[in-house]
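Just below is one structure, and these are the notes that go with it.
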Amino acid sequence: MRLPFHRHIAIALSALLSAAVESLAQDQSLSRSYLAAGMEILSEAERCTDRTMSRELLYRAAETLGKAAETSSGPEAEEALFRSAEVLLKINDYESRSLAFTALCLHGKRFPSGRLAPDAGMLKGEFYANERIWGRAVKTWTDTAAAYPAAPVAPLAHYRCAKVFEENIRNAGEAIRCYTTVIEKYPKSDVADDSLMARAGIRNRERMFNEAAADYLAVAEQYTTSDTADRAMAKAIELTESDLRNYAEAHRLCVEFRRRFPHSSLLTQIERIEARTLKYARTP
150 MRLPFHRHIA IALSALLSAA VESLAQDQSL SRSYLAAGME ILSEAERCTD RTMSRELLYR
210 AAETLGKAAE TSSGPEAEEA LFRSAEVLLK INDYESRSLA FTALCLHGKR FPSGRLAPDA
270 GMLKGEFYAN ERIWGRAVKT WTDTAAAYPA APVAPLAHYR CAKVFEENIR NAGEAIRCYT
330 TVIEKYPKSD VADDSLMARA GIRNRERMFN EAAADYLAVA EQYTTSDTAD RAMAKAIELT
390 ESDLRNYAEA HRLCVEFRRR FPHSSLLTQI ERIEARTLKY ARTP
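Counted from 1, the sequence shown has number 319 at position 170 by my numbering; the numbering is strictly sequential.
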């Protein structure tokens, strides 16, 4: 009995679909194997004490991760392509840096909405920064933060911009603006206290002493568990005494410092300031 023509078409399409699904599953399995092998090689490279062998293993890890990216289009391919770029930047010679940049450009085209897209943007900015192309680095980080404002790397993107403005481009106003973005938009991020400390430092150098002292005190008050809390308060005390010449306030802050940081390594320094300003102490 002859089947209708449309039934032949349906059977053929079904066979093609089954073959495609099987091929895709094989590709994904192969990609996962390459990814796992690449990460294993990377781990060995990081443990290796022989620098020449470690470098060779990093190249092999990047090559294997690249194969993982070529054999699939799924999430394992995205991770493999990103990890490959990371490894190539670690090698840090002309060839590896150019290959890393190529991988990051390819990542942006293949996975613009991928899980690692924000991290890839950050890494691309680091490439430009390592090449001392400061403007492109800032633009890349700015674009990354704008495209993925809720991503964990967004505050870091603004922070890295601020650092480049402060240390490389030497634009204090833009550095303050970027640090302020971190402080106001991401006050609970890992770089919020560092941003506040850095902004205080710039304001101090720019002779904005009132604003600098306020920033230092804000670090001590808002980030009490930070490693820099006692250092920030000590800086505020120094400014209050030497630049603002508000000796009564400096003494009050010294008393508070001793109460809050009784085991600080800066305690002796603060006690000397307290002794100098004792005669200005406000009576209760």
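Cβ atoms here follow ideal geometry from the backbone N, Cα and C, with glycine treated the same way.
| query | result |
| --- | --- |
| Nonlocal neighbours in the same chain, by C-beta distance under 6 Å from Arg-209, ignoring five residues either side | Ile-190 |
| Three-state secondary structure assigned by DSSP to Leu-152 | With a pLDDT of 42 at Leu-152, under the threshold of 50, the modelled position of this residue cannot be trusted; read the value that follows with caution. Three-state DSSP puts Leu-152 in coil, outside helix and strand. |
| N-terminal and C-terminal residue of the alpha helix (DSSP H) that Ile-279 is part of | The amino acid at residue 279 is misidentified as Ile; the sequence shows Asn. First-last of the alpha helix (DSSP H) with Asn-279: 266-279. |
| Cβ neighbour criterion (16 or more within 10 Å) applied to Thr-389 | buried |
| DSSP three-state assignment for Phe-430, whether helix, strand or coil | Just to set this straight, residue 430 is Ala in the shown sequence, not Phe. Coil at Ala-430, not helix or strand. |
| Pairwise C-alpha distance: Ala-385 and Ala-399 | 8 Å |
| Assigned secondary structure, Ala-300 (DSSP; H/G/I helix, E/B strand, else coil) | coil |
| For Tyr-308, three-class secondary structure by DSSP | helix |
| Cβ contact (3+ pairs, closer than 8 Å) linking the segment 192-203 and the segment 216-234 | no |
| Burial state of Pro-411 (16 or more Cβ within 10 Å) | exposed |
| Distance between Ala-295 and Glu-225 (C-alpha atoms, nearest Å) | 26 Å |
| Cα-Cα separation between Ala-300 and Arg-409, rounded to whole angstroms | 35 Å |
| Range covered by the alpha helix (DSSP H) that runs through Leu-416 | 416-425 |
| When Ser-180, Arg-285, Tyr-372, Glu-333 are compared against Lys-216, the one with the closest alpha-carbon | Ser-180 |
| Other residues of its chain near Arg-263: CB distance less than 7 Å, five sequence neighbours each side excluded | Checking the displayed sequence, the identity of residue 263 turns out to be Gly instead of Arg. Glu-227, listed in sequence order. |
| Arg-407 versus Tyr-396, Ala-397, Ile-419, residue with shortest Cα-Cα distance | Ile-419 |
| Glu-323 to Gly-284 span [Cα, whole Å] | 12 Å |
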